[in-house]
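Undergrad: Would you mind keeping the following structure in view while I ask a few things?
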Amino acid sequence: MLVRGVEQKKDYKRLGMGDKEEILGSNNGIEDVSWLCSLSESELDMLISLKVLVLQRAKIVGHDELVKKFDLKMLRALGFVLMQYVKGQVKDLSLASSLAKSATLIDNCNLLKSELENITSVEELKACISTDSRNRSAKGYVINTP
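The sequence shown begins at 0 in numbering that gives the first Met the number 0 and counts up by one.
So, in structure tokens, the structure goes:
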């Protein structure tokens with residue numbers, strides 16, 4: 000689900016008309032997919048880049064089985080750990096400079112939320128994914144037009 004371009008559109012189409020297994024994936028729970036839907040576009044881009052980096056490194060070192068273990072739960076945990084690190088670095092810098100506002104912005108980042116207040120149902124996730132895919136494909140057409 001976290002890939003760019005044509006493959007992403009295919010996955011969104013598959014997810015938009017599938018059953019619970021297709022929406023959640025084989026190892027993903029409703030909470031994980033709800034969390035994914037709550038992320039901003041920049042947060043998703045960071046996770047996509049992180050996943051691509053892991054895929055490339057695993058192939059280079061010859062550990063293709065690592066790719067199979069790097070699912071949404073692992074990506075969520077790694078994103079959380081990285082954002083905690085960034086949050087600590089920004090707070091250290093904000094003591095000496097005017098970065099206090101940046102620390103507040105990082106506190107509101109959805110990547111740092113380990114639990115969601117409102118977990119949506121499978122039907123709501125279907126609506127979220129299909130609406131999001133239409134919006135993203137519309138943006139893609141606008142960007143690609145000459």
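For each residue, glycine too, the CB sits at the ideal point set by N, CA and C. Nothing here was measured: the structure is a model prediction, and the numbers come from that model.
#1: According to the Cβ coordinates, are Lys-31 and Lys-72 closer than 8 Å?
#2: Can you find at least 3 beta carbon pairs, one from the stretch 60-67 and one from the stretch 78-85, that sit closer than 8 Å?
#3: By how many angstroms is the C-alpha of Leu-35 removed from the C-alpha of Ile-29?
#4: Find the nearest neighbour of Leu-46 within the set Asp-70, Ile-59, Val-89, judged by alpha-carbon distance.
#5: In or out: Lys-228 buried (at least 16 other Cβ within 10 Å) or exposed?
#6: What separation, rounded to the nearest whole angstrom, lies between the Cα atoms of Val-89 and Arg-56?
#7: State buried or exposed for Gly-78, treating a residue as buried only when at least 16 other CB atoms are found within 10 Å of its CB.
#8: Quick check: what's the CA-CA separation for Ile-59 versus Leu-52?
#9: Between which two residues does the alpha helix (DSSP H) carrying Asp-70 extend?
TA: Reading it off the structure:
#1: Translated into the one-based positions of the sequence shown, residue 31 becomes position 32. Translated into the one-based positions of the sequence shown, residue 72 becomes position 73. For the record, residue 31 in the displayed sequence is Asp; it is not Lys. Contact: yes.
#2: No, they do not touch.
#3: By one-based count along the sequence shown, residue 29 stands at place 30. By one-based count along the sequence shown, residue 35 stands at place 36. Between Ile-29 and Leu-35, the C-alpha separation is close to 10 Å.
#4: For the purposes of this step, residue 46 is identified with residue 47 of the sequence shown, where counting begins at 1. Nearest C-alpha to Leu-46: Asp-70.
#5: Because the chain in this structure spans residues 0 to 145, residue 228 falls outside the shown range and cannot be described.
#6: Position 90 of the sequence shown, counted from the start, is the residue given in the question as residue 89. Position 57 of the sequence shown, counted from the start, is the residue given in the question as residue 56. The alpha-carbon atoms of Val-89 and Arg-56 are separated by roughly 28 Å.
#7: Here residue 78 refers to the residue found at position 79 when the sequence shown is read from its first residue. Burial call: buried.
#8: Counted from its first residue, the sequence shown places residue 59 at position 60. Counted from its first residue, the sequence shown places residue 52 at position 53. Those two C-alpha atoms are separated by around 11 Å.
#9: Reading the sequence shown from its first residue, position 71 is the one you call residue 70. Boundaries cannot be given for Asp-70, as no alpha helix (DSSP H) includes it and DSSP labels it neither H nor E.
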